[in-house]
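A.B. asks: Residue 33 in numbering that gives the first Met the number 0 sits at position 34 of the sequence shown, with consecutive numbering throughout. There's a structure below that I have some questions on.
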Amino acid sequence: MCTPLDTVLLPNKNLSRETTSQLEPILQGLEHFRNIAKANIEIAQRRQKAQYDKKAKDPSYLPGQRVRLYYSKVPVGQNAKLWQKWVGPYYISQLGPNYTMKLRRCSDNKAIKSLVHANRLKPYYDPKDRPLFPPEDLHDYAVDLDGDEILDSAPPTPSSGLSSSGPSLQ
0 MCTPLDTVLL
10 PNKNLSRETT
20 SQLEPILQGL
30 EHFRNIAKAN
40 IEIAQRRQKA
50 QYDKKAKDPS
60 YLPGQRVRLY
70 YSKVPVGQNA
80 KLWQKWVGPY
90 YISQLGPNYT
100 MKLRRCSDNK
110 AIKSLVHANR
120 LKPYYDPKDR
130 PLFPPEDLHD
140 YAVDLDGDEI
150 LDSAPPTPSS
160 GLSSSGPSLQ
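Below is the structure:
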């Protein structure tokens, strides 16, 4: 593989023997450093792949499961910070190749034209299924303090000699 530096340093046919002999060790050194860099890149890639594979897992979506879709495109005139990036719910109608899915909108059963990769999906949890009240056993851990105990246990205010109008400049 030739880099732009190699192209510049390649000896031309009309160079003297002395110049060519001076360029040869430079080109050999460049090749040596390129091989070292290539080996270091391969080692780093193996390390990064091993680190990624520790937590990587195949998606486990099934047909009929409700999901939300990551949609990052913000309409013109809308604020990107306030725009909801996860839309849905959708349900998976078909599984495609390489972890892709065919989705249908839950509200009107309209299909999305293209397949969607599993990286752009997350499970949908219906708000109706969430508990409205916390479990009863959590109240046992709450400490009941009356107003006087709260005032008595408040940390003292620092008195650094400042007047109520602010710090005095001297």
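For every residue, glycine included, the Cβ atom is placed at its ideal position computed from N, Cα and C. Keep in mind that this is a model prediction, so the values were computed, not measured.
Rounded to whole angstroms, what's the CA-CA distance from tyrosine 98 to leucine 26? Just pull it up for me.
C.D. replies: Between the alpha carbons of tyrosine 98 and leucine 26 lies a distance of about 47 angstroms.
A.B. asks: With DSSP collapsed to three states, give me the class of alanine 43.
C.D. replies: helix
A.B. asks: In the DSSP assignment, find the beta strand (DSSP E) that holds histidine 89 and state where it starts and stops.
C.D. replies: Residue 89 is actually tyrosine in this sequence, not histidine. From DSSP, the beta strand (DSSP E) with tyrosine 89 extends over 85-94.
A.B. asks: Does the segment 114-121 come within contact of the segment 60-75, defined as at least 3 CB pairs closer than 8 angstroms?
C.D. replies: Contact holds: three or more Cβ-Cβ distances are below 8 angstroms.
A.B. asks: In chain order, which beta strand (DSSP E) runs of at least 3 residues are fully inside the segment 97-122?
C.D. replies: 99-104 and 120-122
A.B. asks: Would you report the Cα separation of leucine 131 and valine 75, rounded to the nearest angstrom?
C.D. replies: Their backbone Cα atoms lie some 37 angstroms apart in a straight line.
A.B. asks: Straight-line CA distance for alanine 79 to proline 88?
C.D. replies: 21 angstroms
A.B. asks: What is the rounded straight-line gap between the Cα of glutamine 93 and the Cα of isoleucine 111?
C.D. replies: 11 angstroms
A.B. asks: Who are the Cβ neighbours of glutamine 64 in its own chain at under 6 angstroms, not counting the five residues just before and after it?
C.D. replies: Hits under 6 angstroms: Ile91.
A.B. asks: In the DSSP output, which residue or residues are listed as bridge partners for leucine 68?
C.D. replies: Bridge pairing for leucine 68: Val86 and Leu120 [DSSP].
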